[in-house]
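In case it helps, the working numbering puts the sequence shown at residues 82 to 406. Down below is the structure, laid out as structure tokens.
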Amino acid sequence: MIMVLCQQEDGELHKVGLELLGKARELAQDLETQVTAVIPGVDISHLAPILIQHGADRVILVRHKELKNYTVEKYTEAFCQIIEKEKPEILLLGATQLGREIGPSLAARLKTGLTADCTQLEIDKETKLLLMTRPAFGGNLMATIICPNNRPQMATVRPGVFPLKNADVNRKGEIIEFIPNLEGKEFKITIEEIVKKVRKGTDITETKIIVAGGRGIGSKEGFEQLKELADLLGGEVAGSRAAVDNGWIEKDRQVGQTGKVVRPKLYIAVGISGAIQHLAGMQESEYIIAINKDPEAPIMKIADLAIVGDWKQIIGRLIQKLRQE
Ligand code: FAD
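What follows is the structure in structure tokens.
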């Protein structure tokens with residue numbers, strides 16, 4: 082069985098779980114096995130049909146009042162109990178903040194390996210092992226990793242790496258309730274209060290248009306201009322790691338291997354060279370426009386439209402034109 086550990090907050094599913102269910106369905110066909118989605122929390126019953134529509138054959142609602150708010154200890158304990166009971170061959174989870182913390186914690190408890198931040202998952206036709214591919218050596222090569230002996234074979238995948246498949250409203254599945262035994266266990270962390278950070282604008286993984294800037298922009302003020310263009314187009318501004326490291330844009334707007342993976346309809350890369358670690362986060366965009374003064378920059382080779390020139394003049398003219406419309 083393939084198990085996907087899903088995540089919810091205030092009764093809303095994190096979409097990476099749904100993306101993984103779509104991928105798990107493909108893998109399950111090669112293994113001729115079932116897909117089980119596991120969702121922890123309290124008020125979670127309404128999520129089961131959504132998980133089934135996205136590919137789960139079975140949904141296990143791991144329900145307990147102690148699981149209302151996430152803490153790594155309680156979630157690890159609850160997940161370990163269900164994993165040890167169900168014994169999945171493969172265990173997938175999103176490389177979200179939660180997944181990055183709980184993945185290693187689970188792997189240690191289950192005495193198995195974990196391949197983090199996979200960009201591809203396949204079943205080896207002969208051995209039936211999970212082939213887990215991820216960037217290695219600073220993104221300079223892709224490593225395919227197997228976990229031949231221990232179980233489950235565990236992988237995390239970042240949001241946006243696999244496409245979100247359409248829901249099939251006719252799919253049927255089984256819904257099971259599991260109440261973990263968390264009584265009498267000593268947990269060191271308790272959540273007293275949750276203070277949410279108010280996010281400015283839309284998450285860059287959700288927007289259809291992105292105007293991204295790199296080192297070539299040269300300053301924070303330069304990013305104000307990109308923001309103006311993004312606003313006029315109804316999109317969001319993002320950046321390369323160089324732009325984030327320079328403090329010109331917030332870290333949660335970084336695109337790439339150590340940032341976010343985006344798949345917008347339009348990605349405008351301005352003053353970005355197109356290092357492999359940046360491409361890893363945006364090359365699946367539907368239409369890419371690159372603006373760069375260097376015609377040989379790698380980004381120009383993957384762009385659908387490559388504009389050679391100084392970004393200030395090109396963006397300035399674009400803004401002027403859009404303002405007139
Ligand atoms: P540069 O490579 O310096 O490119 C600047 C570009 O701007 C050049 O092509 C130049 O021709 C152009 N330019 C300059 N002036 C102008 C002008 N006036 N008009 C038009 N064009 C101009 N990078 C990421 O982006 N995201 C990641 O998640 C990420 N993760 C990484 C993880 C690891 C482990 C490592 C080792 C690196 C990672 N990097 C990441 C860094 C990556 O290798 C590059 O260093 C980075 O992407 C370069 O950013 P850049 O394209 O903005 O800058």
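We put the CB at the ideal spot given by N, CA and C, even for glycine. A quick note: this is a predicted structure, and the numbers were derived from the prediction, not measured.
Buried versus exposed, by CB contacts within 10 Å (16 or more), residue i
i	result
Ser354	buried
Pro261	buried
Asn373	buried
Glu77	Because the chain in this structure spans residues 82 to 406, residue 77 falls outside the shown range and cannot be described.
Asp124	exposed
Thr286	buried
Met381	buried
Gln178	exposed
Val279	exposed
Gln405	exposed
Gly315	exposed
Glu330	Before going further, note that residue 330 is Ile rather than Glu in the sequence given. With 16 or more Cβ atoms within 10 Å of its Cβ, Ile330 is classed as buried.
Val276	exposed
Gln394	exposed
Arg334	buried
Arg398	exposed
Met84	buried
Asp138	buried
Rounded Cβ spacing between residue i and residue j (contact assumed at less than 8 Å)
i	j	result
His135	Leu99	4 Å
Glu283	Glu317	It is Thr, not Glu, that sits at residue 283 in the sequence shown. At roughly 6 Å, the Cβ-Cβ gap stays under 8 Å, so Thr283 and Glu317 are in contact.
Ala311	Val351	With 8 Å as the limit, Ala311 and Val351 do not qualify as a contact, their Cβ atoms being about 11 Å apart.
Gly254	Val143	Gly254 to Val143, Cβ: 16 Å. No contact.
Ile171	Gln234	5 Å
Ile204	Leu313	Incorrect: roughly 46 Å between the Cβ atoms, too far for contact.
Pro345	Ser366	5 Å
Gly157	Ser186	Reading off the sequence shown, one finds Thr at residue 157, where the question assumed Gly. Thr157 to Ser186, Cβ: 5 Å. Contact.
Ile163	Phe259	5 Å
Leu108	Leu212	That pair is no contact at about 10 Å.
Arg341	Gly241	It is Lys, not Arg, that sits at residue 341 in the sequence shown. Indeed, because the Cβ distance is near 7 Å, the residues count as touching under 8 Å.
Ile291	Ala319	5 Å
Leu101	Phe243	7 Å
Leu360	Ile383	7 Å
Asn251	Lys192	Contact doesn't hold; Cβ gap of about 40 Å is too wide.
Close Cβ partners of residue i (< 6 Å) along its chain, the five nearest in sequence each way excluded
i	result
Met363	Val336, Val343 and Tyr348
Leu132	Ala118 and Val140
Leu86	Val119 and Leu174
Arg296	Ala323
Lys81	Beyond the ends of the chain as shown, which are 82 and 406, falls residue 81; an answer cannot be given.
Gly122	Gln89 and Leu148
Ile256	Ala129 and Val140
Same chain, Cβ closer than 7 Å to residue i, five either side skipped, listed in chain order
i	result
Ala176	Ala197, Asp198, Thr237, Val238 and Arg239
Met82	Thr114, Gln115, Thr117, Glu167, Pro169 and Glu170
Glu77	No statement about residue 77 is possible, as the shown extent of the chain runs from 82 to 406 and does not include it.
Glu309	Ile400
Ala159	Pro121, Val143, His145, Leu148, Pro261 and Leu263
Same chain, Cβ closer than 8 Å to residue i, five either side skipped, listed in chain order
i	result
Arg190	Thr157 and Cys161
Asn221	Ile357
Tyr368	Lys346, Leu347, Tyr348, Asp385 and Leu386
Lys206	Asp111
Leu403	Leu310, Leu313 and Leu314
Leu210	Ile204, Ile227, Cys228, Pro229 and Gln234
Gly92	Gly122, Asp124, Ile125, His127 and Leu128
Within-8 Å CB hit, residue i to chain B
i	result
Met363	Note that chain B does not occur in the displayed structure, where there is just one protein chain.
For the structure I just gave you, are there three or more beta carbon pairs, one from the region 212-222 and one from the region 265-285, closer than 8 Å? no
Would you check if the region 193-208 and the region 219-238 touch, i.e. whether three or more CB-CB distances between them fall below 8 Å? yes
Three-pair Cβ contact test at 8 Å for the region 182-193 versus the region 324-332: no
Evaluate the contact criterion for the region 166-175 versus the region 143-155: three or more CB pairs, one atom per stretch, below 8 Å. no
List in chain order the residues whose CB is within less than 5 Å of at least one heavy atom of the ligand FAD. Gly219, Gly295, Arg296, Gly297, Ser321, Arg322, Ala323, Gly337, Gln338, Thr339, Gly340, Gly352, Ile353, Ser354, Ala356, Gln358, His359, Asn373, Lys374, Asp375, Ala378, Asp391 and Trp392
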